[in-house]
Structure formats: structure tokens, C-alpha cells
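Mapping the sequence shown onto the numbering used here, position 210 (from 1) lands on 210, and the numbers just tick up by one. Since the structure comes first, as C-alpha cells, the remarks are kept for the end.
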Amino acid sequence: MARPSAGSGVGRCGVRILVVGGSGLIGAHVVTVLRERGHDVTTVARTARPGIEHVLDVESASVDELRPLLAGHDGVVYAARSDEHRVLRKPIYPEFRRDIVEPVVRLLTAARQEGLTRSVVMGSYYTYYDRLRPQWRLADRHAYIRCRLEQAREGRAAAGPDLPVSVLELPFVFGRAGDRLPNWAGPLERWARSRSPLVAPTGGTAATSARSVAVVAVDALEQARGEDIPVADENLTWNDMFGRIATTVGRPRRVGRLPAGVVRAALRSGGLAQGLGGKESGINPTHLADVLLAELFIEPTTGRPLEPAFRDTFVDPAPSA
């Protein structure tokens, strides 16, 4: 296959793409959209699953181990998941850097050496807000956000000028891929199905579906873009989100207001408890209230409805006959 030049729009003529994390929630949808558009796809994941062609722990693989995997491809998608709320012993930054930054640097170094011409990295909308609201000092206060910024900056440096790197800045992602769900879906579903009252603070979040993320990712690959791309289908207040989840699971009810002071006190207590235990999380609860109580909205949105993704997330699919 002739390699398209960097920056060229390939449309539907077909490129060969390696999807890292191809069995995950987002990666599986990226694979589907790529194939729908006539592209060749190779999948890799750390564990063997149906549809995975190569089993490799990319997070620990060396550049020399990655190069044969990338050889013959035109582009690569990095869709491995990272849990920003993991609690680890201090200092947490080195561990998060090993998990988030270093694998992408090695992968894009190998991709550059193999002559790839396009790439997509799944990132976080916190980096969008770091640009938009520098007064929040997000990178200084949260190891996860610092590492996401370093992932984009150092990944692009490793890729060099001939390998554009699109970083998709993702908010809450709804949807399902087989048995893969968002890591927060289970607790929210159990809460919505329970008899406990629903309460929500002020503020809210952008939200998208895994399918929408995949469409944006494939567009970025086809166009060989090298930009930060915030992705959102809708902007939801926390009240709207929790109410829609409750309706989706068949337990519709009013969502009460959770006072901001209660939220701040609870998060400060959580941060204090972590500190006393010699632990940290990627998102520091001591400084989380200012973010949680804000409207973490993205403009413009795609306008795609989220109802199908809500159902996919919170309603078990009917068993196959």
C-alpha cells in the first residue's frame, strides 16, 4: 500500500491502522468505525480476547518490541485506559508517569521510526480546561492532569514533525463494547436503582458516546490532523445526568440539591485521610471541589443525542438466542 503523505486527507480510500487497546470500550468502537469506512485494522491488547490479533503489554514494551508491530501501518491509535482516581502510596507522580506518559512516548518513537503518517491518542478534557482556566492550576494540583499534559507534549516531541498526533480530550464517555463499560458505570447504576435519594451538586460535565469518540478519531486519522480535539455530544448538569440515569434504569425520581459546602467538606476530609495514610490519588480530592462544582462544558458540541449511549451503558443487552 502506498503511504499517504502526512497532512493528506485520505477520505475512504483506505489506510492501515494499529489500534492499541482494541478490546476496550473506546478502542473497540474505533475498530468498528475504521472497518465501516474500508480501512485495514490490526488490534493489540494486553490480554487475549476475541478479535485481538496481538497480545502485548504496550505499557511496558520497548521501542524495539513495538517497531515490528507497527511495521507496514500508516497510523496508530492509543486507546489504553488509565484510572485517574487510583489511590497509591506517595509519591504518586512517578507511577502515573510510567502508566500515562512513557508508553505513548515509546509508541510514537517507534511509529516515527517506522514511517507512520498519522496517530491519535485518547486523552482527557482536563487538559482542555488547563488551557481554558489556567487559574485553576490543574497540573500543579493533580498528578493525573500533569501527566496528561506531559503525554501530549512529550508524545508529539517523540513523533517529530512528520507524524501528526491528534489528542482527543474526552469527558464522561457513555456506551458499551461487549462487556466493557465505563469504570464509573457500575456505582452510578447501583445508586440509581437503589432506594437512596438522588442528590447532585451545582456544576456539570460534558459527555459523549464511545461511538462519537470513534467517529472523531477516524476523522482525525483520515485527515492526518495533529491537534488537540475536545469532544462532546452534550453538556449536562450533574442534576440532569443523574436524573437521566435513573430514568434509563427504570427508577425515575427527583434529584435533590447537594450543598456546595457539604461537597467541599467531604472532599477535603478525603484528601486529609489520604495524606494521613501516606497516599495520594491521581485527582487530588483536596482541590477537586473547585472543578466538580464548575460547569465543565465543551463548546461546540456535536449535537448527537446521548440516549442510545445511556441505554447501552445502563440497560443490559438482551441475551442472544
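Cβ atoms here follow ideal geometry from the backbone N, Cα and C, with glycine treated the same way. Small disclaimer: the values here were computed from a predicted structure and weren't measured.
{"query": "Give a yes or no on whether the C-beta atoms belonging to residue 170 and residue 231 are separated by under 8 Å.", "result": "yes"}
{"query": "Look up residue 40 in the DSSP assignment and give the residues it is bridged to.", "result": "16"}
{"query": "Could you check what DSSP says for residue 165 in three-state terms: helix, strand or coil?", "result": "strand"}
{"query": "Just to confirm, are residue 183 and residue 83 a CB contact at a threshold of 8 Å?", "result": "yes"}
{"query": "So who's on the other strand from residue 174, going by DSSP bridges?", "result": "209"}
{"query": "Whole angstroms is fine: what's the gap from residue 27's alpha carbon to residue 290's?", "result": "31 Å"}
{"query": "Which class does residue 228 belong to by DSSP, given the choice of helix, strand or coil?", "result": "strand"}
{"query": "Would a C-beta distance cut-off of 8 Å place residue 354 and residue 177 closer than the cut-off?", "result": "No statement about residue 354 is possible, as the shown extent of the chain runs from 1 to 321 and does not include it."}
{"query": "What did DSSP end up calling residue 253 once you bin it into helix, strand or coil?", "result": "coil"}
{"query": "Determine the direct distance from the alpha carbon of residue 142 to that of residue 76, and round the result to whole angstroms.", "result": "28 Å"}
{"query": "Skipping 5 residues on each side, what residues in its chain have a beta carbon closer than 6 Å to that of residue 275?", "result": "none"}
{"query": "Between the Cα of residue 49 and the Cα atoms of 210, 21, 32, 41, which residue gives the shortest distance?", "result": "21"}
{"query": "By Cβ distance below 8 Å, which residues in the same chain neighbour residue 112 in space, the five residues on each side in sequence not counted?", "result": "158, 159, 160, 162, 163"}
{"query": "I want to know whether the stretch 183 to 199 touches the stretch 248 to 258 - three or more CB-CB distances under 8 Å.", "result": "yes"}
{"query": "With DSSP as the reference, label residue 299 as helix, strand or coil.", "result": "coil"}
{"query": "Whose C-alpha, out of 168, 249, 116, is nearest the C-alpha of residue 191?", "result": "249"}
{"query": "Just list the beta strand (DSSP E) runs in the stretch 116 to 145, keeping only unbroken ones of 3 residues or longer that don't cross its boundaries, in chain order.", "result": "118 to 124"}
{"query": "Taking residue 297 as the reference, give the member of 121, 126, 267, 244 with the closest Cα.", "result": "126"}
{"query": "Below 8 Å on the Cβ atoms is my contact criterion, and I expect residue 78 with residue 121 to pass it. Report the Cβ-Cβ distance as a whole number of Å.", "result": "5 Å"}
{"query": "Could you give the C-beta distance for residue 110 and residue 66, rounded to a whole number, given that I count them as a contact under 8 Å?", "result": "4 Å"}
{"query": "Between residue 41 and residue 54, how many whole angstroms is the CB-CB distance? I'm expecting something under 8 Å.", "result": "12 Å between Cβ atoms; not a contact."}
{"query": "So the candidates are 304, 16, 253, 277; which of them puts its Cα closest to the Cα of residue 118?", "result": "16"}
{"query": "Per DSSP, which one or two residues make a beta bridge with residue 281?", "result": "87"}
{"query": "Taking the C-alpha atoms as reference points, what is the distance between residue 151 and residue 283?", "result": "16 Å"}
{"query": "By alpha-carbon positions, which one of 313, 219, 280, 212 ends up nearest to residue 241?", "result": "313"}
{"query": "Looking at the unbroken alpha helix (DSSP H) that takes in residue 246, where does it start and where does it end?", "result": "238 to 248"}
{"query": "Less than 8 Å separating the beta-carbons of residue 175 and residue 210?", "result": "yes"}
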